[in-house]
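The sequence shown begins at 2 in this note's numbering and counts up by one. Yeah, the Cβ is synthetic: ideal placement off N, Cα and C, and Gly gets one too.
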Amino acid sequence: MKIFLINGPNLNFLGQRQTNIYGFNTLTDIETFLIKKAKNLKVKLECYHSNYEGHIIDIIHRAYNNCNSIIINAGAYSHTSITILDALNIFNGTIIEVHISNIYNRETFRHKSFISKRANAVISGLGVYGYISALNYLIK
Ligand code: CA2
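Following this line, the structure appears as structure tokens:
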């Protein structure tokens, strides 16, 4: 079993800025923890981060025929990108959308996610536990 973890724009600043919203863990902390957890359970986890929409689409294309599931936090592209939704629509496996913050108690422009239309499940507001819960679910 192989899972892709995809994080989108600005998430490379996790743990360094806006810690009141996104917490103190860095993206490297999250990836390191999840890779270790997956390894213990004999599952392969590949972690990707990009600040570019086209690059995120390339990563999703790489996922076709290459992994079973995707965990994705597309950052603000979740609220704007039909292109990422189209790319995810071609993928056959399970997709879990994660948001660190609760997008529904923030600005109204964050309340809509195009990705949710395709996601099998959406986790929002659990902080980094959202990623851990997504992984737990996928390897259940
Ligand atoms: O809550 C989430 O995970 C979001 O996907 C994060 C996005 C935001 O646009 C979404 O509405 C909700 C923003 C990611 C920015 O990450 C930063 C991390 C630290 C410091 C500054 C930005």
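Requested in this report: Pull up the distance between the alpha-carbon of L6 and that of I72, whole angstroms please.
Outcome: Here residue 6 corresponds to residue number 5 of the sequence shown, with the count starting at 1. Here residue 72 corresponds to residue number 71 of the sequence shown, with the count starting at 1. If you draw a straight line from the Cα of L6 to the Cα of I72, it comes to about 5 Å.
Query raised in the report: Pick from L12, S102, I91: whose alpha carbon is nearest that of R111?
Result: Counting from one through the sequence shown, the residue named residue 111 turns up at place 110. Among L12, S102, I91, the Cα nearest to that of R111 belongs to S102.
Query raised in the report: For R119, does the count of other Cβ atoms within 10 angstroms reach 16, so buried, or fall short, so exposed?
Result: In the sequence shown, the residue the question calls residue 119 occupies position 118. Burial call: buried.
Report task. Could you say which of K40, K141, A75 lies nearest to Y49 if we only look at CA atoms? Result -> Stepping through the sequence shown from its first residue, residue 49 is reached at position 48. Minimum Cα-Cα distance from Y49 among the listed residues K40, K141, A75 corresponds to A75.
Query - Three-state secondary structure (DSSP) of N8 - result: Here residue 8 is taken as the residue at index 7 of the sequence shown, counted from 1. Reduced to three states, the DSSP call for N8 is strand.
Query raised in the report: My guess is that I61 and A39 are in contact by the Cβ rule of under 8 Å, so how many angstroms apart are they, rounded?
Result: Position 60 of the sequence shown, counted from the first residue, corresponds to residue 61. Position 38 of the sequence shown, counted from the first residue, corresponds to residue 39. Actually they are not in contact, since the Cβ atoms of I61 and A39 sit about 19 Å apart, beyond 8 Å.
Query raised in the report: Which residue spans inside the segment 60 to 139 form an unbroken beta strand (DSSP E) run of at least 3?
Result: Within the segment 60 to 139, the complete beta strand (DSSP E) runs of at least 3 residues are 70 to 74, 95 to 100, 122 to 125.
Query raised in the report: Do L15 and the ligand CA2 come close, with the Cβ less than 8 Å from some heavy atom?
Result: For this step, residue 15 is matched to residue 14 along the sequence shown. True, at least one ligand heavy atom lies under 8 Å from that Cβ.
Query raised in the report: Skipping 5 residues on each side, what residues in its chain have a beta carbon closer than 8 Å to that of T81?
Result: Counting from 1 along the sequence shown, the entry for residue 81 is found at position 80. F115, listed in sequence order.
Query - C-alpha gap between V123 and I85, whole angstroms - result: Position 122 of the sequence shown, counted from the start, is the residue given in the question as residue 123. Position 84 of the sequence shown, counted from the start, is the residue given in the question as residue 85. Rounded to whole angstroms, the separation of the alpha carbons of I85 and V123 is 16 Å.
Query - Backbone secondary structure at L35 - three-state DSSP - result: Against the sequence shown, residue 35 aligns to sequence position 34. Three-state DSSP puts L35 in a helix.
**Report entry** K3, DSSP secondary structure in three states
**Finding:** Within the sequence shown, the letter at position 2 stands for residue 3. In the structure shown, K3 sits in a strand (DSSP, three-state: E or B).
**Report entry** Cα-Cα separation, R18 to L12
**Finding:** Here residue 18 corresponds to residue number 17 of the sequence shown, with the count starting at 1. Here residue 12 corresponds to residue number 11 of the sequence shown, with the count starting at 1. Approximately 10 Å between the Cα atoms of the pair.
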